Ligand SMILES: CC(C)(COP(=O)(O)OP(=O)(O)OC[C@H]1O[C@@H](n2cnc3c(N)ncnc32)[C@H](O)[C@@H]1OP(=O)(O)O)[C@@H](O)C(=O)NCCC(=O)NCCS
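In my numbering, the protein residues as written are 185 to 521.
Have a look at this one:
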């Protein structure tokens, strides 16, 4: 195998990239049948690639073995303002290889991803972007292995479960759907969750400048209680936990099964954990989702979240996508000169 690298040219490479992505997806679906079949079609994959190319600063490459294209990857810069409601979760200056903007020929993952990232990383490090991320199908072990070998570590999981009842001990507490007047309780539980993410071993910095955007977002959700639902658990009249359901958010369309609702915020106050309150609230949320006609629930968790990662997985959520990150030593910008 002799691999060569060419910059991605949308006038030449869109069709071959769409074919490679559809082929990757068909193989991913054999490993994980929950993935949506619609993206077996190259035409739909092409739309995802075209959309990524509209991002300012996007840069991609095509990898060939002789005359055959065997992989492509397009990275897009992400510049997140401190006022962004999810500022805690993203570095302010980063670049991302999205779930639907990379593929290799099946069986060539290790060599082709290594070659591809070598070219992409050179381009972005030259531009002073040192925080790199990639999203990969959770069951695609060869892709995960290739990025591990390049210094990437897992930091996020997107996980999905069906709407079958939650089969575990649940505390006998009252669980009610919040309305607009419950905003203070919703906001306070949301803050508890963000503070949890700031603690060890997650260490997501709670950037207070993001508060206003977060408040506005939550108020918007509460205004449409039919589409979104905040389920709040009460013990002795005190709000002790919450699950927030909303339309799919921050999910790649290539990972979202039909009829999916998104579980955005899930938290129980620190002193009330481990007694079945989280399970009681989740149980109510799952019943609501089932009654609404949803068939799947998706969520994200930080893989370093000790309580969250354990709770969701033991409640039936199985990872469908992993987010992986690599941070490059920024002294490279001035050293060696
Ligand atoms: C994740 C979280 C919501 C779970 O809430 P919780 O009230 O602790 O959940 P439960 O008590 O129902 O279940 C937690 C564990 O306690 C166990 N448990 C519950 N009642 C129990 C009892 N009476 N006796 C023994 N064990 C019990 C459960 O089996 C479960 O065990 P597991 O995690 O090993 O499967 C809570 O830990 C939390 O808020 N964590 C911080 C915020 C967070 O991580 N949120 C998720 C963000 S992605």
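Cβ coordinates follow ideal geometry from the N, Cα and C atoms, glycine included.
Quantities reported herein were computed from a predicted structural model and do not represent experimental measurements.
Within 10 angstroms of the Cβ of residue 185, are there 16 or more other Cβ atoms? Answer buried if so, exposed if not. Walking along the chain shown from the start, residue 185 turns up at place 1. Looking at its Cβ environment, which holds fewer than 16 other Cβ atoms inside 10 Å, residue 185 is exposed.
Beta carbon of residue 242, beta carbon of residue 258: below 8 Å? Indexing the chain shown from 1 puts residue 242 at position 58. Indexing the chain shown from 1 puts residue 258 at position 74. Cβ distance < 8 Å, so residue 242 and residue 258 count as in contact.
Look at the Cβ atom of residue 344, then the Cβ atom of residue 481, and state whether they are nearer than 8 Å. The sequence position of residue 344 within the chain shown is 160, counting from 1. The sequence position of residue 481 within the chain shown is 297, counting from 1. Contact: yes.
Quick one: complete alpha helix (DSSP H) runs, 4+ long, within the segment 395-421? 395-407
So the alpha helix (DSSP H) residue 303 belongs to, where does it begin and stop? The residue given as residue 303 occupies position 119 in the chain shown. Counting along the chain, the alpha helix (DSSP H) containing residue 303 begins and ends at 293-310.
Return the chain-ordered list of same chain residues with a C-beta closer than 6 Å to the C-beta of residue 418, the five sequence neighbours on each side being excluded. Translated into positions along the chain shown, residue 418 becomes position 234. Excluding sequence neighbours, residue 418 sits near 358.
Report the option in 425, 342 and 329 whose CA atom is closest to the CA atom of residue 376. Working through the chain shown from its first residue, we reach residue 376 at position 192. With respect to the C-alpha of residue 376, the residue from 425, 342 and 329 having the closest C-alpha is 425.
List, from N- to C-terminal side, the alpha helix (DSSP H) runs of 4 residues or more that fit wholly inside the segment 200-255. List check, alpha helix (DSSP H) in window: 226-237.
Please name the residue, chosen from 486, 469 and 221, that lies closest to residue 385 on a Cα-to-Cα basis. Taking the chain shown and counting its residues from 1, one reaches residue 385 at position 201. Of the listed residues, the one whose Cα sits closest to residue 385 is 486.
Just to confirm my understanding: we take residue 222, look at its own chain, exclude 5 residues before and 5 after, and list those with CB closer than 7 Å. What are they? Here residue 222 refers to the residue found at position 38 of the chain shown. So the list reads 228, once near-sequence residues are dropped.
Using 10 angstroms around the beta-carbon of residue 234, count the other beta-carbons present and answer buried if the total reaches 16, otherwise exposed. Taking the chain shown and counting its residues from 1, one reaches residue 234 at position 50. Counting Cβ neighbours within 10 Å, residue 234 comes out exposed, since fewer than 16 surround it.
Quick check on this structure: which residue in 294, 301 and 311 has the alpha carbon closest to the alpha carbon of residue 324? Position 140 of the chain shown holds residue 324. When each option's Cα is compared against that of residue 324, the closest is 294.
Determine the closest residue to residue 256 out of 272, 198 and 449, with distance taken between C-alpha atoms. For the purposes of this step, residue 256 is taken as the residue at position 72 of the chain shown. Minimum Cα distance to residue 256 is reached at 198.
Does DSSP classify residue 272 as helix, strand or coil? Translated into positions along the chain shown, residue 272 becomes position 88. Residue 272 falls in the helix class under three-state DSSP.
Segment limits, beta strand (DSSP E) that includes residue 337: Numbered from its first residue, the chain shown carries residue 337 at position 153. Here the beta strand (DSSP E) through residue 337 covers 337-346.
Three or more C-beta pairs closer than 8 Å, one from the segment 289-305 and one from the segment 198-218: is that the case here? yes
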